[in-house]
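Asks:
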Amino acid sequence: MNKTILGHNDIDNLAQTVRAAIIASDLQFSKCYPIPRGGIAAAYAIYAQYECPFVIVNTPEEADFFIDDIIDSGETMKRYCDEYPSKMFFALIDKLNGEFKDQWVVFPWEVTAEGSDESATDIVTRLLEYVGEDSARGGLLDTPKRVLKAWTHWCSGYGTDISKLLKTFEDGAEDCDEMVVRVVPFYSHCEHHMAAIIGHAIVAYIRIKRL
């Protein structure tokens with residue numbers, strides 16, 4: 030998946046587009062609840078536009094509509110819209126229906142002062158917090174970066190040119206008629222739980238001579 034790092038000008042343009050959509054939806058001067066955490070930055074970016082069309086409220090119950098930074102899988106939008114079916118949902122980027130469909134999008138508020146991308150490490154941090162850990166604990170401070178490094182290695186096969194691994198050649202063993210056995214270690218992850226699958230594949234073959 031390609032990465033797109035957005036700049037502040039990009040956010041300003043996206044905010045103008047969402048502002049226009051809010052006005053067109055007859056929600057001008059109504060109440061907005063920004064979805065934590067990315068929706069907060071998005072809402073303030075739109076709020077900063079000339080003649081802001083809404084006020085920001087503290088709870089979803091008070092709101093007439095919601096704002097988020099991105100609609101990715103659509104799960105967050107679905108959760109809010111299922112609970113509040115009469116309220117509309119806006120986002121700076123809609124990956125389900127927009128030009129960023131096949132992109133990993135990085136917002137300015139996800140980039141550190143040194144320029145490193147924190148959008149993915151935040152996923153690991155939130156997972157640690159979800160299972161009850163203290164992500165600020167000393168032993169876990171570098172865990173997000175370590176996890177991403179490990180997953181980058183485990184999933185490196187997606188970017189591998191298989192033709193360079195599976196090749197045929199002549200090396201003088203054309204007359205061999207014995208079984209050839211190769212034990213190949215492999216590791217993968219289950220698509221349902223992302224649980225590790227580790228083992229060995231045993232490949233055996235006998236060369237058949239051409240008549």
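The sequence shown begins at 30 in the numbering used here and counts up by one. Even glycine gets a Cβ: it sits at the ideal position worked out from N, Cα and C. Note that the structure is predicted; figures quoted are calculated from it, not measured.
#1: Determine contact between the stretch 116 to 130 and the stretch 97 to 105, defined as no fewer than three beta-carbon pairs at a distance below 8 Å.
#2: Since C184 is in the alpha helix (DSSP H), which residue starts that stretch and which ends it?
#3: If we count the other Cβ atoms within 10 Å of its Cβ and call it buried at 16 or more, is C184 buried or exposed?
#4: Please return the same chain residues whose Cβ sits closer than 6 Å to the Cβ of T33, not counting the five positions on each side in sequence.
#5: Would you say the stretch 44 to 56 touches the stretch 155 to 173, given that touching needs at least three Cβ pairs under 8 Å?
#6: Where do the ends of the alpha helix (DSSP H) carrying R166 lie?
#7: Could you pull out every residue in the same chain whose Cβ sits closer than 7 Å to the Cβ of T150, ignoring the five residues on either side in sequence?
#8: Can you round the beta-carbon distance between K60 and E91 to whole angstroms, since I take them to be within the 8 Å contact cut?
#9: Does the stretch 70 to 86 come close enough to the stretch 160 to 170 that 3 or more CB-CB pairs lie under 8 Å?
#10: Please state the DSSP three-state secondary structure of C61.
#11: Could you name the residues that DSSP lists as bridge partners for G228?
#12: Per DSSP, which one or two residues make a beta bridge with T33?
Replies: So, from the listed chains and residues:
#1: Proximity of the stretch 116 to 130 to the stretch 97 to 105 meets the contact definition, three or more beta-carbon pairs being nearer than 8 Å.
#2: The residue labelled residue 184 in the question sits at position 155 within the sequence shown. Run containing C184: none; DSSP gives neither H nor E here.
#3: For the purposes of this step, residue 184 is identified with residue 155 of the sequence shown, where counting begins at 1. Counting Cβ neighbours within 10 Å, C184 comes out exposed, since fewer than 16 surround it.
#4: Locating residue 33 in the sequence shown gives position 4, where the first residue counts as 1. When the five nearest sequence neighbours on each side are left out, the beta carbons in the same chain lying within less than 6 Å of the beta carbon of T33 are those of Q132, V134, in order along the chain.
#5: Flag = no, the stretch 44 to 56 and the stretch 155 to 173 do not touch.
#6: Position 137 of the sequence shown, counting from 1, holds the residue named residue 166. Where R166 is concerned, there is no enclosing alpha helix (DSSP H), given that its DSSP letter is neither H nor E.
#7: What you label residue 150 is simply residue 121 of the sequence shown in a count that begins at 1. Answer for T150: P173, K174, L177, listed in chain order.
#8: The residue you call residue 60 lines up with position 31 of the sequence shown. The residue you call residue 91 lines up with position 62 of the sequence shown. Contact check for K60 and E91: beta-carbon distance about 6 Å, within the 8 Å limit, so the pair qualifies.
#9: No, the stretch 160 to 170 is not in contact with the stretch 70 to 86.
#10: Position 32 of the sequence shown, counted from the first residue, corresponds to residue 61. In this structure, C61 counts as strand in the three-state DSSP scheme.
#11: What you label residue 228 is simply residue 199 of the sequence shown in a count that begins at 1. Answer is F215, bridged to G228.
#12: For the purposes of this step, residue 33 is taken as residue 4 along the sequence shown, with counting starting at 1. Answer is V134, bridged to T33.
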